[in-house]
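> Oh and the sequence shown: position 154 is 154 in UniProt numbering, straight run, nothing missing. Here a beta-carbon is modelled for each residue, glycine too, at the ideal position from N, C-alpha and C. This one's a predicted model, so the numbers in the text were calculated from it and none came from an experiment.
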Amino acid sequence: PWCFTTLPSMRVAFCFQIRRCMDEVEVEDCYHGNGELYRGHTSKTRKGVTCQKWSEQSPHVPQISPTTHPAAHLDENYCRNPDNDSHGPWCYTMDPRTPFDYCGIKPCAGDKIPSVLENAGNVVFDECGKRDERLQLKGRIVGGRPGNSPWTVSIRNREGIHFCGGSLVKEQWVISTRQCFSSCDADLSGYEVQLGTLFKDPKPSDPDKQAIPILKIICGPSESQLVMLKLVRPATLNKRVALICLPPERYIVPENTECEIAGWGETRGTGDETVLNVARLPVMSNKKCSMVHRGQVKDSELCTAPLRAGVGA
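(1) Please classify residue 251 as buried or exposed, where buried requires at least 16 neighbouring CB atoms within 10 angstroms.
(2) Kindly indicate which three-state DSSP category residue 176 falls into: helix, strand or coil?
(3) Helix, strand or coil for residue 292? Go by DSSP, reduced to three states.
(4) Which same chain residues, not among the five before or five after residue 213, have their C-beta less than 6 Å away from its C-beta?
(5) Using the three-state DSSP reduction, which class does residue 287 fall into: helix, strand or coil?
(6) So, using beta-carbon positions, are residue 255 and residue 280 closer together than 7 Å?
(7) So, do the stretch 70-81 and the stretch 197-206 have three or more beta carbon pairs nearer to each other than 8 Å?
(8) Comparing C-alpha positions only, which one of 103, 48 and 14 sits nearest to residue 39?
(9) Quick one: grab the DSSP three-state call for residue 134.
(10) Considering Cα atoms alone, identify which of 278, 172, 174 and 180 is closest to residue 162.
(11) Going by Cα to Cα distance, which pick from 34, 243, 45 and 11 is closest to residue 149?
(12) Please list the terminal residues of the continuous beta strand (DSSP E) segment that includes residue 60.
(13) Are the CB atoms of residue 278 and residue 289 within a distance shorter than 7 Å?
(14) I'd like to check one pair, residue 176 with residue 151: are the Cβ atoms closer than 7 Å?
(15) I'd like to confirm the pairing. Which residues does DSSP put opposite residue 166 in its beta bridges?
(16) If you reduce the DSSP assignment to three classes, tell me which class residue 318 lands in.
(17) Checking the sheet assignment: what are the DSSP bridge partners for residue 14?
(18) Buried or exposed: where does residue 8 fall if 16 or more other Cβ atoms within 10 Å of its Cβ makes it buried?
(19) Going by other Cβ atoms of all chains shown within 10 Å of its Cβ, with 16 needed for buried, is residue 229 buried or exposed?
The following block contains the structure:
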């Protein structure tokens, strides 16, 4: 449900305070593996939105259809996993603002996907994570210093004010955190990302700055607290703008690996808040971190040390 609002700056809003009825998912409905062979009749997303028929062209023009994947059993509007998505069955939705979403179906008992990747070995990246070290300088990143992080982007609201950061994972895609946005259906018209600059408020004449409007937001699985932002056009990769590296699925970062946090947030007097701050921290094993946090650290989370020193986000 939604309504028109009395706020001049917000035309409509969803009524999230109304509890949703239970999804129409049969108790015995579940999937094995990634759900690539799921042939059930569930046709609603995890949020209760009705799925679009795979053969239809509205409200979304599908890239995957019965024509492109004839062996995937894309019948009616039933949830399927024709591309072997690791998060399970999904569908295009009847919500014009949500192209696709995952379905409210759980893995069958005793058939859960492993939470970690075993025997991964060393991971080597050839294309991503490259930066011009000549640009490296010696300042909410407490204890950080001004630094060179060409995959870090500034997310700006309609007034052009920085309110959150993100990372460029593909030329036209930015990953950020769910807590930065009011909902997974947020209207981001007028919002943009800025790339290629070290400054929180770069001058219009900054030759390296790229400002690209945000086209849409897509939320990841509920437990991930991540969102993907699709840009109106691809970013231009250069010495100031580069792609961040993503580890293999379910990969566990080895203990003592040096990781990096970057942003334009609060430094609590430890640095210059007008420029991009970068801090480096060693990874702590989840076993040790769970002892500190009394078992609250999940396999899908990453912990760093020190926990109480003057560096953090």
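With the structure as the only source:
(1) For the purposes of this step, residue 251 is taken as residue 251 along the sequence shown, with counting starting at 1. Exposed, because fewer than 16 other Cβ atoms sit within 10 Å of the Cβ of residue 251.
(2) For the purposes of this step, residue 176 is taken as residue 176 along the sequence shown, with counting starting at 1. The answer is strand: DSSP assigns residue 176 an E or B state.
(3) To locate residue 292, count along the sequence shown from 1; it is residue 292. Residue state, collapsed to three classes: helix.
(4) Mapped onto the sequence shown, residue 213 falls at position 213. Hits under 6 Å: 192 and 232.
(5) Here the question's residue 287 lines up with position 287 in the sequence shown. Helix at residue 287.
(6) Taking the first residue of the sequence shown as position 1, residue 255 is located at position 255. Taking the first residue of the sequence shown as position 1, residue 280 is located at position 280. It is not a contact, given that the beta carbons lie outside the stated cut-off.
(7) no
(8) Residue numbering aside, residue 39 sits at position 39 when the sequence shown is read from its first letter. Closest by C-alpha distance to residue 39, out of 103, 48 and 14, is 103.
(9) Locating residue 134 in the sequence shown gives position 134, counting from the first residue. Only weak support exists for where residue 134 lies, its pLDDT of 43 falling under 50; the value from the coordinates is given anyway. Note: residue 134 maps to helix in three-state DSSP.
(10) By 1-based counting over the sequence shown, the position of residue 162 is 162. Comparing Cα-Cα distances from residue 162 to each of 278, 172, 174 and 180, the minimum goes to 180.
(11) What you label residue 149 is simply residue 149 of the sequence shown in a count that begins at 1. Among 34, 243, 45 and 11, the Cα nearest to that of residue 149 belongs to 243.
(12) In the sequence shown, the residue the question calls residue 60 occupies position 60. Unbroken run through residue 60: none, as it is neither H nor E.
(13) Residue 289 sits at position 289 when you count from the first residue of the sequence shown. Residue 278 sits at position 278 when you count from the first residue of the sequence shown. In this structure, residue 278 does not lie closer than 7 Å to residue 289 by Cβ.
(14) Along the sequence shown, one-based indexing puts residue 151 at 151. Along the sequence shown, one-based indexing puts residue 176 at 176. No, the pair does not count as a contact, with Cβ atoms beyond the cut-off.
(15) The count along the sequence shown starts at 1 and reaches residue 166 at position 166. Paired residues: 153.
(16) What the structure shows of the chain is the stretch from 1 to 313, and residue 318 is not part of that stretch, so it cannot be assessed.
(17) The residue given as residue 14 occupies position 14 in the sequence shown. Per DSSP, 2.
(18) The residue labelled residue 8 in the question sits at position 8 within the sequence shown. Exposed is the call here.
(19) Numbered from its first residue, the sequence shown carries residue 229 at position 229. Looking at its Cβ environment, which holds 16 or more other Cβ atoms inside 10 Å, residue 229 is buried.
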